[in-house]
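Below is one structure, written out as structure tokens; the observations come after it.
Protein chains: 2
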Amino acid sequence: MAIIVDKEQKRIDIALSCKDLFIAKGIKNITISQIAQEAGVGKGTIYDYFKNKEDIVFEIVNILMAQFNATKEQRINEATSTKAKIKIFFDFFYNPDKADLREIFKEFVSISLTQSSKDIQEFLKDTHERYYAWFCAILQEGIDKNEIKPLAIDLAKGLFVIGDGFFISNTMKGSTQNIKEEITLHLDTIFKLIEVKQ
Amino acid sequence: MAIIVDKEQKRIDIALSCKDLFIAKGIKNITISQIAQEAGVGKGTIYDYFKNKEDIVFEIVNILMAQFNATKEQRINEATSTKAKIKIFFDFFYNPDKADLREIFKEFVSISLTQSSKDIQEFLKDTHERYYAWFCAILQEGIDKNEIKPLAIDLAKGLFVIGDGFFISNTMKGSTQNIKEEITLHLDTIFKLIEVKQ
DNA sequence: AATCAATGACTGATAGTCGGTCATTATTTG
DNA sequence: CAAATAATGACCGACTATCAGTCATTGATT
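Note that the protein sequences, when read in sequence, are chains A and B.
Counting in the numbering used here, the first sequence runs from 1243 upward without gaps.
Counting in the numbering used here, the second sequence runs from 1243 upward without gaps.
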């Protein structure tokens, strides 16, 4: 009876159109009016597609992460050793091409910590569990192949969270230069300990 | 002259008086007027002692962390094994008595990620480095005593950040119940690997 | 009288709402 | 079948409520 818009697609379009604004200025320094202008729609329209400013950040992170993870899965499958696979898993935290994405991820974490609804927490939990299962599968595969000791599976959770740990720690200090070296050293050392000597 | 107030003490008094408000509602859901009322001063007075709302959170975290760490140093010195010392280091993240402090710490991290000034980043960097040095010293002591392998020192940074990692990861999911078990398992497993067999 | 502390009314900015308009499609009618 | 009309979702921006932060004034002390 009337115009029917692909709501999901438009949500994506709006989110992506103001991505650079978020990266450049940060959520606190942008107004909804600016976002609307950047997206080429009216202010009210923004609220037809998003609950609030934070919701836009969630959408941006979702879109970009999905894109990123599509290639990640492939790269992990191509890697041969468990160590190499695990390193790719943390690639996001130091890949120079992903600096922009990390900038938004920072906002995302900040929001998630203090302002996320039950819905969003549920979503985060699901996402987290899916990735953790994937991570465990990689480790288990290494164990089954006798590349690493069975004990390594007990390190899964602790290893899984070190990406976040390094990221938060470095971001809070304002020094994100050397995450790669830090993560690499840690993983190399862990692998020295858990690798099965042939 | 005129009335001379102990500015530093009053800053502390104001900060502590609204601590519970921050814990109960979170920074986003409190107004400066509420804070002023809770502290029993005028709104303008708040701005004589703090730059903004975020600044109050920094003060609260500083005060409470300082209190907490005073006892922490002692407890670490009392512990005999390196493993026990390291576990106490992460006590903050799961000690049931510190749930309130963690609630504010959450706000603190959230702010630090996206809104901290150069000054505050500098401060965070200093604090971080001091704690990291302490952490390394504990590990080094264990190495010198031949409790753990020399290699363990390369795990320092990665171990140091797992507290933050678990905290962020669990907080984002809204499940802070099992951090203790997770950290304990991780540390126990790491120590199985780095302990020197006698 | 000089000086510092405290204050709360005021201002500017902005998040979020809501009544109304417009464009498109469905339905009716000649 | 074409024109007229009805229905509806998309879109909008003026408006409102709220609140962070300021500053001119008052009050207290020596």
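Just so it is clear, CB atoms sit at the ideal spot from N, CA and C, and this is done for glycine as well.
- For C1378 of chain A, the enclosing alpha helix (DSSP H) stretches over residues K1360 to D1386.
- For M1307 of chain A, the closest Cβ of chain B is not nearer than 8 Å.
- By the Cβ rule, the region 1254-1272 of chain A counts as touching the region 1345-1365 of chain A, because three or more pairs are nearer than 8 Å.
- Note that the C-beta distance between I1305 of chain B and I1256 of chain B is not below 8 Å.
- Taking C-beta atoms as the reference points, S1352 of chain B and L1366 of chain B fail to come closer than 8 Å.
- According to the DSSP secondary-structure assignment, I1390 of chain B is paired through a beta bridge with B:E1437.
- In chain B, no part has a C-beta under 7 Å from the C-beta of G1384 of chain A; the shortest such distance is about 15 Å.
- Excluding residues up to 5 positions away in sequence, A1257, K1261 and I1346 lie with their Cβ nearer than 6 Å to the Cβ of I1302 of chain B in the same chain.
- Distances from the alpha-carbon of Q1251 of chain B to those of B:C1378, B:F1292 and B:G1384 put B:F1292 closest.
- With fewer than 16 other Cβ atoms from the protein chains shown falling within 10 Å of its own Cβ, S1417 of chain A counts as exposed.
- According to the DSSP assignment, L1258 of chain B belongs to the alpha helix (DSSP H) that extends over K1249 to S1259.
- Here S1359 of chain B is exposed, its C-beta having fewer than 16 other C-beta atoms within 10 Å.
- In this structure, B:D1290 is the residue among B:D1290, B:E1315, B:D1342 and B:V1403 with its C-alpha nearest to the C-alpha of K1249 of chain B.
- Two segments are said to touch when three or more pairs of C-beta atoms, one from each, lie closer than 8 Å; by this definition the region 1406-1426 of chain B does not touch the region 1375-1394 of chain A.
- Residue-level contact by beta carbon fails for G1286 of chain A and chain B, as no gap is shorter than 8 Å.
- Counting only residues of its own chain and dropping the five nearest sequence neighbours on each side, F1264 of chain B has a CB closer than 7 Å to the CB of I1272, V1299, I1302, I1346 and E1349.
- Within the model, the alpha-carbon separation for A1308 of chain A versus F1332 of chain A is close to 15 Å.
- Annotation: the continuous alpha helix (DSSP H) that includes T1287 of chain B extends over K1285 to Y1291.
- Secondary structure within the region 1270-1335 of chain A: the alpha helix (DSSP H) runs of 4 or more consecutive residues, fully enclosed, are 1274-1281, 1285-1291, 1295-1320 and 1324-1331 (chain order).
- Neighbours of F1408 of chain A in chain B, taken as residues whose beta carbon is under 7 Å from its own, are V1403 in chain order.
- F1334 of chain A and I1385 of chain A have their alpha carbons spaced roughly 25 Å apart.
- The C-beta of I1436 of chain B comes closer than 8 Å to at least one C-beta of chain A.
- The Cβ of T1413 of chain B sits closer than 8 Å to at least one Cβ of chain A.
- For N1319 of chain B, the number of other beta carbons within 10 angstroms of its own is below 16, and it is reported as exposed.
- The Cβ neighbour count for K1285 of chain A, taken over all protein chains shown within 10 Å, is under 16; the residue is labelled exposed.
- The beta carbon of D1396 of chain B sits closer than 8 Å to some beta carbon of chain A.
- For I1353 of chain A, the enclosing alpha helix (DSSP H) starts and ends at A1341 to Q1357.
- The shortest C-alpha to C-alpha distance from L1435 of chain A to any of A:Y1336, A:P1338 and A:K1325 is the one to A:K1325.
- Within its own chain, the residues whose Cβ lies closer than 8 Å to the Cβ of R1253 of chain A, once the five positions on either side in sequence are excluded, are Y1291, F1292 and E1301, listed in chain order.
- Within the region 1397-1436 of chain A, the runs of alpha helix (DSSP H) that reach at least 4 residues and sit entirely inside it are, in chain order, 1398-1402, 1404-1415 and 1421-1436.
- Each residue's CA atom was taken as its position, placing L1429 of chain A and A1398 of chain B some 12 Å apart.
- Against chain B, the CB of T1273 of chain A has no partner CB under 8 Å away; the residue lies outside that interface.
- For T1426 of chain A, same chain residues with a beta-carbon under 8 Å away, outside a window of 5 residues either side, are K1329 in chain order.
- For the 8 Å CB-CB criterion, I1410 of chain A and I1410 of chain B form a contact.
- At least 8 Å separates the CB of E1389 of chain A from every CB of chain B.
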